[in-house]
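Below is one structure, written out as structure tokens; the observations come after it.
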Amino acid sequence: MKRSLHRLLISCAAMTAVAAATLTGPPASAAAAPPCPLGLTATAHVTPSGGGSYTVCSGRVPSFDGTPLDVDVSLPDGASGPLPLMAMLGGWGSSKTAFESTGPEGNGQNTWHWNNAWFASQGYAVLNYTARGFYRSCGQDPSSGYTYASDPACSHRASWTHLADRRWEVHDTQYLTGLLVDAGIASPTKVAVTGDSYGGGQSWLLAMSQDQVMQPDGTLVPWTSPRGVPIRLAAAIPQYGWSDLGQALVDNGRGSDGTSGAPPDGPRENPVGVAKESYLDGLYALGQQHAQYAGPQDTTADIPGWYAAINAGEPYEANPTVDEIFRQLRTYRSAYYAPVPSASAQVPVFSVQGTTDPLFPGVQTTQMISRLRAARPGYPVWAFFGDLGHSYANNPHAVWAAANDQANAWLTQVLAKAAPSAPKTTMITTACEPGQSADTLTADYYGQLANGRWSFTSKASATTTSATPGGPESAALDPIVNSGCRSMSVQSDPGVASWTFTPPSDGSLAGSPVVHLTASLQGSNAELAARLFDVDPANGTQTLITRAVYRITGTPGQSLPVAFQMWPAGWQVQSGHQLKLELSQGDSPTWRPDNEASSLSLSGLQLTLPVRTS
């Protein structure tokens, strides 16, 4: 459950480093490594193959409000502080071990050359800890029988998960960093943060915090250590996280990065979008297993209440809880809405994002880059896109090795205050089908990865209805129970409108397809799910390239123009293949079915793809 829902198919490759590393108990002499700080105890001394020896210091450390957090600090042997600090934040449902390994190779995927052993070998102090409200940080650990309910240190304080809230989880990272600064372990000017998924969203929040701490009452104060030392975040490296959490979980299709002929960015919360049903169900269940959820008395973090409100469905406008959910997510948990820092407060960011990740798709980075660059041209933000992240991603070793090699070189240059040599944007295309290769595309800006466009139009009209549920095709595309390349025989579920187009040449989709059409609405509220397939007529198969959803609202009989981006993708379209666009009002279990009956008459379809041609 944990691995399938937290990483969602970041597979646990056998770590060759485990066999090669020497793992012992605490060092016999304190001379080999600095003394453990913060009251922690030396629990392991590791000599990895191909890396330097280090000591792991472990224990629980009270955070700013007294909540005990389960902490590991890895210290390189022979080092004298203050050292550069790497804070590593795990995903939803994970523990402090998410970025821990006994060797630099890690899991061969997102932690390859990106874990405590790797960074300790590079001379960093490394902070790994379990997020507030999970496992032994006042959550639940079924494997050991630990539960917050029987831990007196967790009572009478807000020790539950607050869902990556600046006032709580982000504050925890800042506070622990300050303790390590005061202990002489961490340099206050060489602090870097990274994290995957849940930790990736928090990495973005830290990057946009302008070195300010948000107190539980929402007030901002300068980021200083408990003893008053000013702290400056030097770099952030989010892995497949979010920038707009509300959009990522309940999408109305109006968000846009504005590239490749896309419509301008629109209101993301009005109308309320369509819930990612299977993901929300899976993530909520994972939290029930490992987390402490707030009770209804804490309306700022009432995850059970929020889950129930979203699951109740339309009309959302009649439920004031839904407005509060989006206000909370927008104000305290989404970097996209934070003020854009001035030049003196900007933190360099290297964002690693998936092009095959339906939970936090590539738009979570592309829209952030567009916003930052629109406000501050030349903003120090880099991006790497590939077949990475949550299911459906395959997470090939070669792609992660390229991403982390680039991130490591970038980080070294940033901490040395040198100009990074990495391209501002890198995309490696997905290799799913026979004959496809993983090609590397680079550009100064995401919108420049493509050097042309394919535009397809159709005079054919179609009708869809909410009365037709998702069928076998939709079931095969559920990212919770299915993973990897989603290939199947050519088919369309009942009630699905589809159009098939023949590309004019070979080329690679490098960005977001854009859909324009006219919809005549019967009803007042309808979801429109979109799926784009690569069709191979020779063997009769179709493979999913990307998808999206759009919420349509209006009065019965109203004819409405519809325009939206599909999620970014890097995809080679091979000679003889076709492109099939499907539009449907029933795409469960990926998207929650509507409560309200509706139908749509669709016409005037135009599909535009940004492409890279030779």
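Numbering (the working numbering), first residue to last: 32 to 645. All C-beta atoms in this analysis are idealised placements derived from N, C-alpha and C, irrespective of residue type, glycine included.
Within 9 angstroms, strictly: CB atoms of residue i and residue j
| i | j | result |
| --- | --- | --- |
| LEU446 | ALA266 | yes |
| SER551 | LEU631 | yes |
| LEU207 | SER94 | yes |
| GLN603 | VAL566 | no |
| ASP288 | ASP296 | yes |
| LEU472 | THR457 | yes |
| THR255 | PRO247 | no |
| GLN233 | ALA293 | no |
| TRP143 | ASN513 | no |
| GLN140 | TRP431 | yes |
| CYS516 | ASN425 | yes |
| VAL378 | LEU251 | no |
| ALA162 | GLY230 | yes |
| ALA433 | GLY417 | yes |
| ASN648 | GLY393 | Residue 648 lies beyond the range of the chain shown here (32 to 645); nothing can be said about it. |
| LEU390 | PRO641 | no |
| LEU106 | THR86 | yes |
| ALA238 | GLN395 | no |
| PRO454 | ASP470 | no |
| PRO620 | SER181 | no |
| GLY318 | ARG582 | no |
Residue from the options whose Cα sits closest to the Cα of residue i
| i | options | result |
| --- | --- | --- |
| GLY571 | SER539, SER615, MET519 and GLN605 | MET519 |
| PHE150 | GLU136, THR161, ALA162 and GLN140 | GLU136 |
| GLU348 | THR584, VAL102, LEU508 and VAL394 | THR584 |
| THR577 | GLY97, GLU464, SER543 and ASN556 | SER543 |
| LEU360 | CYS67, ASP333 and ARG404 | ASP333 |
| SER492 | GLN444, SER634 and GLN437 | SER634 |
| ALA75 | MET399, PRO99, GLY617 and ASP103 | ASP103 |
| THR220 | ASN141, SER186, SER365 and PRO115 | PRO115 |
| VAL527 | SER536, GLU558, ASP537 and PRO534 | GLU558 |
| ALA184 | PRO173, GLU200 and GLY164 | GLY164 |
| ALA406 | TYR363, PRO269 and ALA374 | ALA374 |
| ALA340 | ARG299, LEU311, GLY82 and TYR367 | LEU311 |
| ARG299 | GLN319, ALA600, GLY326 and GLY277 | GLY277 |
| ARG623 | SER606, LEU540, SER497 and GLN328 | SER497 |
| THR225 | CYS88, GLN241, ALA129 and ALA506 | ALA129 |
| GLN573 | ALA507, GLY617, ALA628 and ALA579 | ALA507 |
| ALA414 | SER422, LEU403, TYR423 and TYR363 | LEU403 |
Residue i, DSSP secondary structure in three states
| i | result |
| --- | --- |
| ILE334 | helix |
| ASP567 | strand |
| SER228 | coil |
| THR386 | coil |
| ALA62 | Model confidence at ALA62 stands at a pLDDT of 41, short of 50, so the residue's coordinates are unreliable; what they give is reported in the following sentence. Here ALA62 sits in helix by DSSP. |
| THR549 | strand |
| ASP354 | helix |
| ASP637 | Residue identity differs from the one stated: residue 637 is Gln in this sequence, not Asp. Of the three classes helix, strand and coil, the one that applies to GLN637 here is strand, per DSSP. |
| ARG623 | coil |
| THR494 | strand |
| HIS202 | helix |
| ASN439 | helix |
| GLY420 | coil |
| MET597 | coil |
| THR488 | strand |
| VAL378 | coil |
| CYS185 | helix |
| THR644 | coil |
| ALA579 | strand |
| TYR476 | coil |
| TYR315 | helix |
| LYS127 | helix |
| ILE459 | strand |
| LEU508 | coil |
| SER543 | coil |
| PRO212 | In the sequence as presented, Pro is not what sits at residue 212; that position holds Val. DSSP places VAL212 in helix when its eight states are reduced to three. |
Heavy atom of the ligand MG within 8 angstroms of residue i beta-carbon
| i | result |
| --- | --- |
| TYR423 | Looking for the ligand MG in the displayed structure turns up nothing, as the structure carries no ligands at all. |
Completely contained beta strand (DSSP E) runs for the segment 146–177, where each covers 3 or more residues: 156–160
The segment 587–603 / the segment 519–532 touching (three or more Cβ pairs under 8 angstroms): Taking a cut-off of 8 angstroms for Cβ pairs, the segment 587–603 and the segment 519–532 do not touch, as fewer than three such pairs fall below it.
In chain order, each alpha helix (DSSP H) run of at least 4 residues that lies wholly inside the segment 242–308: Counting whole runs of 4 or more residues, the segment 242–308 contains the alpha helix (DSSP H) stretches 276–280.
Contact the segment 527–538 vs the segment 279–288: 3+ CB pairs below 8 angstroms: no
Segment contact flag, the segment 108–124 with the segment 173–182, C-beta cutoff 8 angstroms, min 3 pairs: no
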